[in-house]
Amino acid sequence: MNNIYDCVASFQALLDTEYHLVLGRKGVAVTLRIRFDKKDCYHLMGLQYLTDRVELRRDRSVVFDEIRDGIITVAQIEASDFYKNIAERVDMLPLLENMFDRNDTIFKYNRRNNMYSMIEADYLMKNRAGSRNVFVFLSRKTGDQYYCRSFFPQSKRDYTENQASWTLLYKEKIKLSTAESLLLYDRLKK
Numbered sequence: 378m379n380n381i382y383d384c385v386a387s388f389q390a391l392l393d394t395e396y397h398l399v400l401g402r403k404g405v406a407v408t409l410r411i412r413f414d415k416k417d418c419y420h421l422m423g424l425q426y427l428t429d430r431v432e433l434r435r436d437r438s439v440v441f442d443e444i445r446d447g448i449i450t451v452a453q454i455e456a457s458d459f460y461k462n463i464a465e466r467v468d469m470l471p472l473l474e475n476m477f478d479r480n481d482t483i484f485k486y487n488r489r490n491n492m493y494s495m496i497e498a499d500y501l502m503k504n505r506a507g508s509r510n511v512f513v514f515l516s517r518k519t520g521d522q523y524y525c526r527s528f529f530p531q532s533k534r535d536y537t538e539n540q541a542s543w544t545l546l547y548k549e550k551i552k553l554s555t556a557e558s559l560l561l562y563d564r565l566k567k
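The opening residue of the sequence shown carries number 378 in this note's numbering; numbering runs sequentially from there.
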C-alpha cells in the first residue's frame with residue numbers, strides 16, 4: 378500500500394511536466410494544457426480532511442516540502458482519526474502520471490447534471506487503476522491552462538453519468554525544463 382511519501386515522490390516528477398491535450402466533440406475542438414503544482418498535491422491526497430493534524434494547517438507548498446524532507450512523517454499522518462477516509466486516495470495517487478499517459482475517457486463536466494456533487498470542475502477524466510475506476514477532475518486556471526482539482530477512486534457514485542464524453546484527438550507530454558516532447562496519441566494526422 379502506498380503512503381504519503383510515495384504520493385509526494387511521484388508528484389515531484391510531475392512538477393516538471395505539462396500535458397497538452399486536444400479534445401473534440403461535434404466539430405468543436407478544445408485545448409487543455411495541464412500543469413502540476415505542489416499545492417495541488419495536498420488536496421489530491423485529501424489532507425484537508427485530516428482536521429485533527431495541526432502540522433497540516435499551513436501553506437500547502439510547505440507541507441509538501443516537509444513530507445518530502447521527512448519532517449512530517451507517515452506515522453503522524455496515519456495517526457489521524459480520519460486517515461481511513463483518505464487511505465484509498467493516498468494508495469492510488471502515485472498512479473496519476475500513468476493515468477495521464479493513457480488514453481482513457483474525458484468528459485466535459487457539468488455539476489448541474491450531478492446534483493449531489495459539490496466539485497467545481499471543467500473536465501472529468503475516468504481511468505481504470507487496477508480493479509477500480511478513478512476520477513480526476515480538471516479546472517481551468519487561465520486560458521487553456523488547467524490543473525487537477527480533485528482525485529479519488531470511485532465508490533458508489535459514477536460521476537460520469539449524464540456528462541458529455543469528448544474524443545481525445547491529440548496528447549503530448551512535455552518536460553518543461555528541457556522542452557522535450559513525447560507524443561502519446563495523435564488522431565489528428567489520420
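The C-beta atom is built at its ideal place from N, Cα and C for all residues, glycine as well.
CA-to-CA distance, residue j to residue i, given in whole angstroms
i, j, result
"Q522", "K548", "15 Å"
"T544", "E557", "25 Å"
"I463", "S554", "32 Å"
"V399", "N480", "12 Å"
"S387", "R489", "33 Å"
"D417", "D436", "11 Å"
"P530", "K566", "34 Å"
"S532", "R430", "25 Å"
"N504", "T482", "7 Å"
"E465", "Q389", "20 Å"
DSSP three-state assignment for residue i, whether helix, strand or coil
i, result
"K461", "helix"
"N379", "coil"
"Y500", "strand"
"K403", "coil"
"L472", "helix"
"A572", "Since the first and last residues shown for the chain are 378 and 567, residue 572 lies out of range."
"Q531", "coil"
"I411", "strand"
"L561", "strand"
"A456", "coil"
"E395", "strand"
"E432", "helix"
"L546", "strand"
"L515", "strand"
"K416", "helix"
"I444", "helix"
Buried versus exposed call for residue i [16 or more other C-beta atoms within 10 Å across all chains shown]
i, result
"D458", "exposed"
"V405", "exposed"
"R434", "exposed"
"K415", "buried"
"T519", "exposed"
"T428", "exposed"
"R526", "buried"
"A456", "exposed"
Whole-number beta carbon distance between residue j and residue i, since they are thought to touch under 8 Å
i, j, result
"L484", "Q540", "The sequence given here has Phe at residue 484, not Leu. Going by Cβ atoms, the distance from F484 to Q540 rounds to 4 Å, so yes, they are a contact pair."
"I454", "I381", "5 Å"
Decide yes or no for the touch test of the region 460 to 474 against the region 413 to 426: beta carbon pairs closer than 8 Å, at least 3 of them.
yes
Within 8 Å, do at least three Cβ pairs link the region 430 to 449 to the region 505 to 523?
no
Would the region 494 to 514 and the region 555 to 567 be scored as touching if the rule is three or more Cβ pairs under 8 Å?
no
Inter-stretch contact (C-beta, 8 Å, three-pair minimum) for the region 391 to 399 and the region 407 to 418:
yes
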